[in-house]
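J.:
4 protein chains.
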Amino acid sequence: MAPTPDGPTASAAPRSARPRAPQGTHRGRGRRPAGEVRADILRAAGALLLDEGMAAFTIERVARAAGASKTTIYKWWPSKGALALDGYMHAVEETLAFPDSGDIVADLTAQLGAFATLLTRTRAGRVLAELIGQAQTDPDLAAAYQALYSAGRRRLAGEVLLRARQRGQLRADVDPRVVIDQLWGACYHRLLVPDEPITEEFTAALVDNLVRGLLSGPGAGRRSAR
Amino acid sequence: MAPTPDGPTASAAPRSARPRAPQGTHRGRGRRPAGEVRADILRAAGALLLDEGMAAFTIERVARAAGASKTTIYKWWPSKGALALDGYMHAVEETLAFPDSGDIVADLTAQLGAFATLLTRTRAGRVLAELIGQAQTDPDLAAAYQALYSAGRRRLAGEVLLRARQRGQLRADVDPRVVIDQLWGACYHRLLVPDEPITEEFTAALVDNLVRGLLSGPGAGRRSAR
Amino acid sequence: MAPTPDGPTASAAPRSARPRAPQGTHRGRGRRPAGEVRADILRAAGALLLDEGMAAFTIERVARAAGASKTTIYKWWPSKGALALDGYMHAVEETLAFPDSGDIVADLTAQLGAFATLLTRTRAGRVLAELIGQAQTDPDLAAAYQALYSAGRRRLAGEVLLRARQRGQLRADVDPRVVIDQLWGACYHRLLVPDEPITEEFTAALVDNLVRGLLSGPGAGRRSAR
Amino acid sequence: MAPTPDGPTASAAPRSARPRAPQGTHRGRGRRPAGEVRADILRAAGALLLDEGMAAFTIERVARAAGASKTTIYKWWPSKGALALDGYMHAVEETLAFPDSGDIVADLTAQLGAFATLLTRTRAGRVLAELIGQAQTDPDLAAAYQALYSAGRRRLAGEVLLRARQRGQLRADVDPRVVIDQLWGACYHRLLVPDEPITEEFTAALVDNLVRGLLSGPGAGRRSAR
DNA sequence: TTCTAATCGAGACGGTACGTCCGGTCTTACG
DNA sequence: CGTAAGACCGGACGTACCGTCTCGATTAGAA
Numbered sequence: 001m002a003p004t005p006d007g008p009t010a011s012a013a014p015r016s017a018r019p020r021a022p023q024g025t026h027r028g029r030g031r032r033p034a035g036e037v038r039a040d041i042l043r044a045a046g047a048l049l050l051d052e053g054m055a056a057f058t059i060e061r062v063a064r065a066a067g068a069s070k071t072t073i074y075k076w077w078p079s080k081g082a083l084a085l086d087g088y089m090h091a092v093e094e095t096l097a098f099p100d101s102g103d104i105v106a107d108l109t110a111q112l113g114a115f116a117t118l119l120t121r122t123r124a125g126r127v128l129a130e131l132i133g134q135a136q137t138d139p140d141l142a143a144a145y146q147a148l149y150s151a152g153r154r155r156l157a158g159e160v161l162l163r164a165r166q167r168g169q170l171r172a173d174v175d176p177r178v179v180i181d182q183l184w185g186a187c188y189h190r191l192l193v194p195d196e197p198i199t200e201e202f203t204a205a206l207v208d209n210l211v212r213g214l215l216s217g218p219g220a221g222r223r224s225a226r
Numbered sequence: 001m002a003p004t005p006d007g008p009t010a011s012a013a014p015r016s017a018r019p020r021a022p023q024g025t026h027r028g029r030g031r032r033p034a035g036e037v038r039a040d041i042l043r044a045a046g047a048l049l050l051d052e053g054m055a056a057f058t059i060e061r062v063a064r065a066a067g068a069s070k071t072t073i074y075k076w077w078p079s080k081g082a083l084a085l086d087g088y089m090h091a092v093e094e095t096l097a098f099p100d101s102g103d104i105v106a107d108l109t110a111q112l113g114a115f116a117t118l119l120t121r122t123r124a125g126r127v128l129a130e131l132i133g134q135a136q137t138d139p140d141l142a143a144a145y146q147a148l149y150s151a152g153r154r155r156l157a158g159e160v161l162l163r164a165r166q167r168g169q170l171r172a173d174v175d176p177r178v179v180i181d182q183l184w185g186a187c188y189h190r191l192l193v194p195d196e197p198i199t200e201e202f203t204a205a206l207v208d209n210l211v212r213g214l215l216s217g218p219g220a221g222r223r224s225a226r
Numbered sequence: 001m002a003p004t005p006d007g008p009t010a011s012a013a014p015r016s017a018r019p020r021a022p023q024g025t026h027r028g029r030g031r032r033p034a035g036e037v038r039a040d041i042l043r044a045a046g047a048l049l050l051d052e053g054m055a056a057f058t059i060e061r062v063a064r065a066a067g068a069s070k071t072t073i074y075k076w077w078p079s080k081g082a083l084a085l086d087g088y089m090h091a092v093e094e095t096l097a098f099p100d101s102g103d104i105v106a107d108l109t110a111q112l113g114a115f116a117t118l119l120t121r122t123r124a125g126r127v128l129a130e131l132i133g134q135a136q137t138d139p140d141l142a143a144a145y146q147a148l149y150s151a152g153r154r155r156l157a158g159e160v161l162l163r164a165r166q167r168g169q170l171r172a173d174v175d176p177r178v179v180i181d182q183l184w185g186a187c188y189h190r191l192l193v194p195d196e197p198i199t200e201e202f203t204a205a206l207v208d209n210l211v212r213g214l215l216s217g218p219g220a221g222r223r224s225a226r
Numbered sequence: 001m002a003p004t005p006d007g008p009t010a011s012a013a014p015r016s017a018r019p020r021a022p023q024g025t026h027r028g029r030g031r032r033p034a035g036e037v038r039a040d041i042l043r044a045a046g047a048l049l050l051d052e053g054m055a056a057f058t059i060e061r062v063a064r065a066a067g068a069s070k071t072t073i074y075k076w077w078p079s080k081g082a083l084a085l086d087g088y089m090h091a092v093e094e095t096l097a098f099p100d101s102g103d104i105v106a107d108l109t110a111q112l113g114a115f116a117t118l119l120t121r122t123r124a125g126r127v128l129a130e131l132i133g134q135a136q137t138d139p140d141l142a143a144a145y146q147a148l149y150s151a152g153r154r155r156l157a158g159e160v161l162l163r164a165r166q167r168g169q170l171r172a173d174v175d176p177r178v179v180i181d182q183l184w185g186a187c188y189h190r191l192l193v194p195d196e197p198i199t200e201e202f203t204a205a206l207v208d209n210l211v212r213g214l215l216s217g218p219g220a221g222r223r224s225a226r
C-alpha cells in the first residue's frame with residue numbers, strides 16, 4: 001500500500017516536504033529531562049520579553065526559540081501572561097531591597113529613588129507596564145502577578161511602614177496600605193499613563209508631600225522624624 | 001453607428017443590456033451618508049466595549065455590529081485601541097465634575113469619592129483598566145488616551161489644586177502634578193493592580209494622609225483648611 | 001487512476017464509520033487524522049469546481065465546505081489554482097483511453113471523438129478551460145497542470161503516434177509533438193476561443209486533413225494506412 | 001456638537017486629514033472633456049497591461065494611473081477584461097498582414113512564422129495568453145475578444161484559404177475553419193499550455209504536416225502547389 | 001535482551017482575527 | 001444640473017496565533 005499513508009494523494013506541490021527529515025536542531029522526539037526543557041523555555045521567554053516586548057511575545061515564538069513544543073508550555077503555564085511573568089522573574093533577579101534604617105523618611109526616599117531608576121533606566125519598567133497591561137485581560141496573569149509579585153512587594157513595604165508606626169514615627173491611625181498606593185502606586189500610575197515623567201524629584205516630592213502634609217500654616221516645615 | 005459617437009471601441013456589450021440587478025436583500029452596497037456610518041461604528045464600538053470588554057472587542061465584530069465594513073473603520077481609526085477609546089468616550093457621557101467650593105479638602109474628598117464610585121459601581125472602571133492595559137502595547141491608543149482623556153483630567157485637577165494653593169490653602173512649594181498621582185494615581189493603581197479594594201474609606205484616607213501628613217507629633221490633627 | 005500508490009485517503013470510498021460530528025457541535029479543535037482532512041478538502045474542491053466553476057472557486061468557500069481551516073489548505077496547496085486542479089483530478093475519474101489498435105487513423109478518430117464528447121457533453125470542458133485560463137496568471141497552477149495533466153497526456157498521445165511511425169504508417173520525418181498540437185491542440189483552441197464549435201465532424205476533419213494532406217491533385221484520396 | 005458635521009467627532013487620529021484639500025494631482029472634480037479622459041484611461045490600461053500583466057491589472061489601478069474615477073471606467077467598459085482588451089488593442093497597433101501571393105504554402109509559412117515571432121519575441125504573446133485566460137471567467141471579455149479580435153483574424157485567414165481552394169490549390173472538401181485551428185490554433189495551444197516551445201521550425205512543420213499529409217507511401221514528398 | 005506500553009515532543013488541526021485589496025454601487029460636491 | 005470623485009459594503013486574500021489533539025519516536029519496564 002502506501003509508503004506515506006497520510007500523504008496528499010495528488011497534491012501538486014505540498015509545501016512541507018513529506019519525508020519529515022530530522023531538521024538539524026533536535027536529536028529526536030523523545031523525552032528530554034523535564035527541568036532542562038523548563039529552563040530553556042523560561043530562558044527563551046525572558047529573552048524574548050526583554051528584547052521585543054509583550055506585543056511580540058507569543059507562545060509559539062517562545063516554543064520555537066526554546067526548541068520546545070507548545071504542548072509542554074501549556075502543560076506548565078496557564079496562559080501566555082503567566083509564562084511571561086515567570087520568564088521575566090527568572091530573567092531579572094530583581095532584588096530591590098527595602099532598607100529599614102530607622103529613619104522612615106530617608107528609607108522611603110531611598111527606596112523610591114531606586115525604584116524610579118529601575119523603572120526608567122532599565123527595561124524592567126516597560127516590561128512591568130506591559131505585564132500589568134496584559135493582566136487586565138488575562139486573569140491567569142493577574143492572579144500570578146498578584147501572587148508572585150505585587151502582594152510580596154506590598155507586604156515588604158507594609159512591614160517597613162508598620163514598624164515605623166510602631167516606633168511612633170507615623171501617626172497611629174495611618175493605614176500603611178493606603179500609603180503604599182500613594183508612593184509606589186503613584187509611580188506605577190506614571191509608568192502606565194505617562195503624562196508626566198518618573199524622576200527622583202518626583203519620588204522625593206511624593207515622600208515630602210506625605211510626611212509634611214500639603215497644608216500651609218503652623219507645623220509645616222517639619223522634616224525629620226528623628 | 002453608436003449613439004455615443006466617442007464611445008468605447010471595444011465595449012462588447014452596451015451597459016444598458018447588462019442586468020446588474022440588485023442581487024438580494026441588500027438595499028445597496030454603495031455609499032451611505034458620511035457621518036451616519038461613523039456614528040453607527042462608534043455606537044457599536046461603545047456598546048461592545050461596555051457589554052463584553054476589551055477581550056471581545058475586535059474590529060471585525062464592531063464592523064459586523066455596525067453594519068459597516070472593515071475598510072471604513074481602518075480608514076478612520078489607526079488601531080483597535082483608538083477605536084475602543086473613541087467608542088467609550090461617546091458611550092459614557094462623562095460628567096465627573098471637579099467641584100471648587102473653596103474648601104479644597106472637601107472638594108477633593110467629594111471628587112475622589114465620586115471617582116471611586118464610578119470605578120467600582122459602573123462598567124467604566126473595568127473598561128478604563130482595559131483601555132490603559134491595551135495602551136501599553138498600542139502606541140496609537142496610548143497617544144489618543146493621553147490626548148483625549150488623561151491630559152484633560154490632569155489639567156482640571158491641576159487647576160483646582162493650583163487655585164487652592166493661590167488661596168493659601170496649600171503650601172506654596174507643593175507641585176499639583178505630584179499630588180494628582182498621589183490621589184487619582186493611587187486609585188488607578190488599585191484599579192490596575194487590585195490587591196486592595198477601592199472604597200470611599202480609601203479615598204478619604206488618601207486625602208487625609210496628604211493634607212495632615214503622616215507624621216505623628218505636634219501639628220497632627222489639623223483638619224480644615226478654612 | 002486506480003494505481004495511485006497512496007490512494008486510500010482520497011479514494012471515492014469514504015470511511016463509512018467516521019465519527020465526524022455534524023458541524024456545529026465541533027467535538028474539538030484539535031487535529032483530525034491527517035489524510036482524512038485532505039480528502040475532505042479535495043472532495044469539496046472538486047464539487048465546488050464542477051458545480052459553480054472557477055469564478056466561484058475560492059479558498060474560503062472550499063474551507064467552509066470541507067469543514068477545514070484555511071491554514072490547512074495553505075499548508076498543502078500553494079495556490080487556489082493548484083487546489084482546483086487537484087480537486088478536479090480527484091473528482092473526474094478520467095478514463096479517456098488512448099486506443100492502439102494498429103490502425104492509426106481509426107484510433108485517432110476515435111480518441112478525438114471521445115475527447116470532443118468529454119469537452120462538450122460534460123462539465124469537464126468548461127472546468128478545463130477555466131483551469132487553463134487561471135494558469136495564465138497562476139504559475140503554481142501552470143506548473144501543476146503541466147506536471148500532472150498535460151505532460152502525461154502528451155506523452156500518451158506521442159507514444160501512439162510514435163508506434164504508428166515505427167510501423168511505417170506515418171512518414172519518418174513526422175514530429176509527433178507537432179501532430180499533437182494539430183489534433184488535440186486544435187480542440188483546446190476551440191475550447192478556449194469558442195468561435196467555432198467542437199463537433200465530431202470537426203475532430204474527424206482534423207484527422208482527415210492531416211492524414212490525407214490538404215493539397216489537391218494526384219495522391220489525394222488515399223485513406224487507409226493499412 | 002461637532003463643527004465638522006460628518007467628521008469623526010472625537011477620533012483620536014483620523015487617518016485622512018480633515019480638510020480634504022486637493023492633493024496635487026487634480027484640479028478639481030468637475031468634468032473634463034470626455035475623449036481626453038477616455039484616452040488617458042486607455043493609455044494607462046495599455047501601459048499597465050504590458051508592464052505588469054493581467055495579474056496586476058485592476059480597475060482601481062487603471063483609474064489611479066489615469067487620474068480618472070472608477071465611475072468613469074464602469075460607464076464605458078463592462079468589465080476589467082473588456083477594458084484590458086481595449087487598452088491592449090490601442091497599445092499595440094497590431095498589423096500582422098496576411099500575405100496572398102498565390103502560393104498558399106509560402107504564404108502560410110510566412111504568416112505563421114511572423115505570428116510565432118510576435119508571440120515569443122514581444123510582450124504580445126504573454127498578454128494575449130492572459131487575455132484569453134481571463135476570458136474564460138469573464139463573459140464580457142470573451143464576447144469582446146471574439147468580436148474585436150479572433151473573429152476578424154479567422155475571417156482573414158479563412159479568405160486566404162478559400163481563395164487558395166478556389167484556385168484549386170487545396171482540395172475542394174477542405175474546410176478552412178478546421179485548417180485555421182490546425183495552424184494558428186496549434187500555436188495558441190502552445191502559447192496557453194507551454195509544454196513545447198513555439199519556434200519557426202514548429203510553424204513550418206505545421207504547414208508541412210498539413211499540406212503533405214502524414215502518411216508515408218506514394219505521393220508523399222509533393223511540396224509545391226504551383 | 002527483546003518486546004511491548006507508557007509518555008512526551010512535534011506540529012497539524014479548526015477557529016478567529018488581523019490588515020489589505022478590489023469589485024461594483026451609491027452619495028456628494030464640484031464646475 | 002450633469003458628472004467625476006471616491007466613500008461605502010462585501011468578501012477574499014494570505015498570515016499569525018490560540019488551544020486542542022493525533023501521531024510517532026523514545027525509552028522504561030516486563031517478559
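Residue numbers (full-length UniProt numbering), protein chains in the order written: chain C, 1 to 226; chain B, 1 to 226; chain U, 1 to 226; chain V, 1 to 226.
In this text, a Cβ means the ideal position worked out from N, Cα and C, and glycines have one as well.
Using a cut-off of 8 Å between C-beta atoms, extract the partners of Ile132 (chain B) located in chain C.
T.: As a working note, residue 132 (chain B) is residue 132 in the second sequence. Near Ile132 (chain B) (Cβ distances below 8 Å), the residues of chain C are Gly133, Gln136, Leu192 and Val193.
J.: DSSP state of Leu96 (chain B), grouped into three classes?
T.: Here residue 96 (chain B) refers to the residue found at position 96 when the second sequence is read from its first residue. Correct three-state label for Leu96 (chain B): coil.
J.: Measure the C-alpha to C-alpha separation of Gln182 (chain C) and Gly185 (chain B) and round it to an integer number of angstroms.
T.: For this step, residue 182 (chain C) is matched to residue 182 along the first sequence. For this step, residue 185 (chain B) is matched to residue 185 along the second sequence. The straight-line gap from Cα to Cα measures roughly 8 Å.
J.: Which same chain residues end up closer than 8 Å to Ser69 (chain U) when comparing Cβ atoms and leaving out the 5 residues on each side of it in sequence?
T.: Residue mapping note: residue 69 (chain U) aligns to position 69 of the third sequence, counting from 1. The answer, listed in chain order, is Ala63.
J.: Less than 9 Å between CB atoms is the rule here; does Gly219 (chain B) satisfy it with respect to chain C?
T.: Here the question's residue 219 (chain B) lines up with position 219 in the second sequence. Unreliable positioning characterises Gly219 (chain B) in this predicted model, as indicated by a pLDDT of 49, which lies under 50. A coordinate reading is not provided.
J.: Throw me the rounded Cβ distance for the Ala56 (chain B) and Leu48 (chain B) pair, which I believe falls under 8 Å.
T.: Taking the second sequence and counting its residues from 1, one reaches residue 56 (chain B) at position 56. Taking the second sequence and counting its residues from 1, one reaches residue 48 (chain B) at position 48. The Cβ separation is near 7 Å, so the contact holds.
J.: Can you give me the start and stop residues for the alpha helix (DSSP H) that Pro139 (chain V) sits inside?
T.: For the purposes of this step, residue 139 (chain V) is taken as the residue at position 139 of the fourth sequence. It spans Pro139 to Tyr145 - the alpha helix (DSSP H) in which Pro139 (chain V) sits, taken as one unbroken run.
J.: Under 8 Å between beta-carbons, which chain B residues line up against Leu206 (chain C)? List them in chain order, please.
T.: For the purposes of this step, residue 206 (chain C) is taken as the residue at position 206 of the first sequence. Near Leu206 (chain C) (Cβ distances below 8 Å), the residues of chain B are Val178, Asp181 and Gln182.
J.: Below 8 Å on the Cβ atoms is my contact criterion, and I expect Ala91 (chain C) with Gly46 (chain C) to pass it. Report the Cβ-Cβ distance as a whole number of Å.
T.: As a first step, residue 91 (chain C) must be located in the first sequence, where it is residue number 91. As a first step, residue 46 (chain C) must be located in the first sequence, where it is residue number 46. Going by Cβ atoms, the distance from Ala91 (chain C) to Gly46 (chain C) rounds to 3 Å, so yes, they are a contact pair.
J.: Leu215 (chain V) bridges to which residues according to DSSP?
T.: Here residue 215 (chain V) refers to the residue found at position 215 when the fourth sequence is read from its first residue. DSSP lists U:Leu170 as partners of Leu215 (chain V).
J.: Using three-state DSSP, classify Thr120 (chain V) as helix, strand or coil.
T.: Reading the fourth sequence from its first residue, position 120 is the one you call residue 120 (chain V). Reduced to three states, the DSSP call for Thr120 (chain V) is helix.
J.: What number of angstroms, rounded off, separates the C-alpha of Leu170 (chain C) from the C-alpha of Thr203 (chain C)?
T.: Along the first sequence, read from residue 1 onward, the residue named residue 170 (chain C) stands at position 170. Along the first sequence, read from residue 1 onward, the residue named residue 203 (chain C) stands at position 203. Roughly 19 Å separates the two Cα atoms.
J.: Which residues of chain C have a Cβ atom closer than 8 Å to the Cβ of Ala186 (chain B), listed in chain order?
T.: Stepping through the second sequence from its first residue, residue 186 (chain B) is reached at position 186. Under the 8 Å cutoff, chain C gives Val178, Asp181, Gln182, Gly185, Ala186 and His189.
J.: Within this structure, are the beta carbons of Arg212 (chain B) and Gly168 (chain C) separated by less than 9 Å?
T.: Start at 1 with the first residue of the second sequence, and residue 212 (chain B) comes out as number 212. Start at 1 with the first residue of the first sequence, and residue 168 (chain C) comes out as number 168. Contact: no.
J.: Please state whether the Cβ-Cβ distance between Leu192 (chain V) and Ile132 (chain V) is less than 9 Å.
T.: As a first step, residue 192 (chain V) must be located in the fourth sequence, where it is residue number 192. As a first step, residue 132 (chain V) must be located in the fourth sequence, where it is residue number 132. Yes.
J.: I'd like to know whether the C-beta of Glu196 (chain V) is nearer than 9 Å to at least one C-beta of chain U.
T.: What you label residue 196 (chain V) is simply residue 196 of the fourth sequence in a count that begins at 1. By this cut-off, Glu196 (chain V) is an interface position.
J.: Measure the C-alpha to C-alpha separation of Leu210 (chain C) and Thr71 (chain U) and round it to an integer number of angstroms.
T.: Along the first sequence, read from residue 1 onward, the residue named residue 210 (chain C) stands at position 210. Along the third sequence, read from residue 1 onward, the residue named residue 71 (chain U) stands at position 71. Spanning the two alpha carbons is a distance of roughly 58 Å.
J.: Can you pull out the residues from the segment 102-133 of chain B whose beta carbon lies closer than 8 Å to at least one beta carbon of chain C?
T.: Listed by position, the residues of the segment 102-133 of chain B near chain C (Cβ gap below 8 Å) are Ala129, Glu130, Ile132 and Gly133.
J.: Below 7 Å CB to CB, which residues in the same chain sit around Trp76 (chain C) once its five sequence neighbours on both sides are set aside?
T.: What you label residue 76 (chain C) is simply residue 76 of the first sequence in a count that begins at 1. If we look at Trp76 (chain C) and ignore the five residues flanking it on each side, its Cβ neighbours are Arg38.
J.: Which residues of chain B have a Cβ atom closer than 7 Å to the Cβ of Ala63 (chain C), listed in chain order?
T.: In the first sequence, counting from the first residue as 1, residue 63 (chain C) sits at position 63. Those do not exist, as Ala63 (chain C) stays about 20 Å from chain B at its closest Cβ, beyond 7 Å.
J.: With 16 as the cutoff for other CB atoms within 10 Å, does Asp107 (chain B) come out buried or exposed?
T.: Position 107 of the second sequence holds residue 107 (chain B). Burial call: buried.
J.: On a Cα-Cα basis, can you pick out the residue from V:Arg43, V:Thr199 and V:Ala205 that is closest to Phe115 (chain V)?
T.: Within the fourth sequence, residue 115 (chain V) is the residue found at index 115, counting from 1. Of V:Arg43, V:Thr199 and V:Ala205, the residue nearest in Cα terms is V:Thr199.
J.: Do we get a CB-CB distance below 9 Å when we pair Phe202 (chain V) with the residues of chain U?
T.: Counted from its first residue, the fourth sequence places residue 202 (chain V) at position 202. Taking Cβ atoms only, chain U reaches closer than 9 Å to Phe202 (chain V), which makes this a yes.
J.: Expressed to the nearest angstrom, what Euclidean distance is found between the alpha-carbon atoms of Asp40 (chain V) and Ala129 (chain V)?
T.: Taking the fourth sequence and counting its residues from 1, the one referred to as residue 40 (chain V) is at position 40. Taking the fourth sequence and counting its residues from 1, the one referred to as residue 129 (chain V) is at position 129. Each residue's Cα considered, the two are about 25 Å apart.
J.: Can you confirm whether Tyr88 (chain V), when its beta carbon is compared against all beta carbons of chain U, has any partner nearer than 9 Å?
T.: Here residue 88 (chain V) refers to the residue found at position 88 of the fourth sequence. Not one chain U Cβ lies under 9 Å of Tyr88 (chain V).
J.: Taking the continuous alpha helix (DSSP H) assigned at Ile73 (chain V), which residues delimit it?
T.: Here residue 73 (chain V) refers to the residue found at position 73 when the fourth sequence is read from its first residue. Residues Lys70 to Trp76.
J.: Give me the Cα-Cα distance between Gly113 (chain B) and Arg32 (chain B), rounded to the nearest whole angstrom.
T.: One-based indexing of the second sequence puts residue 113 (chain B) at position 113. One-based indexing of the second sequence puts residue 32 (chain B) at position 32. So the alpha carbons of these two residues sit roughly 44 Å apart.
J.: Kindly indicate which three-state DSSP category Gln136 (chain V) falls into: helix, strand or coil?
T.: For the purposes of this step, residue 136 (chain V) is taken as the residue at position 136 of the fourth sequence. Three-state DSSP puts Gln136 (chain V) in coil, outside helix and strand.
J.: To which residues of the same chain is Leu162 (chain B) closer than 8 Å at the C-beta, ignoring the five residues directly before and after it?
T.: In the second sequence, residue 162 (chain B) corresponds to position 162, counting from 1. Here the set comprises Pro176.
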